[in-house]
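A short worksheet on the structure shown next.
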Amino acid sequence: MSSVKVESVVKVSALIGEGPVWEESEQTLLFVDIAGHKIHHWSPATNQIKSMETGNTVGFAVPRKSGGYVAGVGRSIVAFDWSTEVMTSLVDIEEDKPNNRLNDGKVDPMGRLLA
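This is how it looks when you write it as structure tokens:
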């Protein structure tokens with residue numbers, strides 16, 4: 344039986360790191376720190392990591408076909424861009440349930456965001 348070696352390649356401290364998305368076209372890894380209120384973007388080619396503060400819990404981040412990214416932050420779906428670090432609210436979810444938050448999200452093969 345062969346042994347398996349597991350090692351951490353992304354050197355970032357996260358309270359609750361999850362939601363990894365591999366961007367094939369960019370050869371980068373996108374993931375979130377829910378409780379740390381951050382979105383991270385790692386390039387294995389340069390071993391550089393960019394992090395963006397969200398100001399609230401963040402459940403997911405995914406690339407947008409039109410460019411940039413969308414994320415679930417608190418009860419909002421937001422658009423954001425790494426180059427400007429600007430986050431724009433697109434829609435608020437369940438405004439009548441202030442204790443709810445977006446927990447997870449992915450894009451299906453048709454390009455629809457499921458959150």
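This note's numbering puts the first residue of the sequence shown at 344, with every later residue one more than the last.
For every residue, glycine included, the Cβ atom is placed at its ideal position computed from N, Cα and C.
Straight-line gap, residue i to residue j (C-alpha atoms, nearest Å)
| i | j | result |
| --- | --- | --- |
| N442 | L372 | 30 Å |
| S419 | T389 | 32 Å |
| G379 | E396 | 8 Å |
| K449 | S351 | 24 Å |
| Y412 | F403 | 10 Å |
| E437 | G454 | 23 Å |
| N399 | V375 | 12 Å |
Residue i and residue j closer than 8 Å at C-beta
| i | j | result |
| --- | --- | --- |
| V429 | I392 | no |
| K381 | V401 | yes |
Three-state secondary structure assigned by DSSP to residue i
| i | result |
| --- | --- |
| P452 | coil |
| D447 | coil |
Bridge partners - residue i, DSSP secondary structure assignment
| i | result |
| --- | --- |
| G362 | Answer is none; G362 lacks a bridge partner. |
Completely contained beta strand (DSSP E) runs for the segment 379–407, where each covers 3 or more residues: Qualifying beta strand (DSSP E) stretches, in chain order: 381–386, 391–396 and 401–406.
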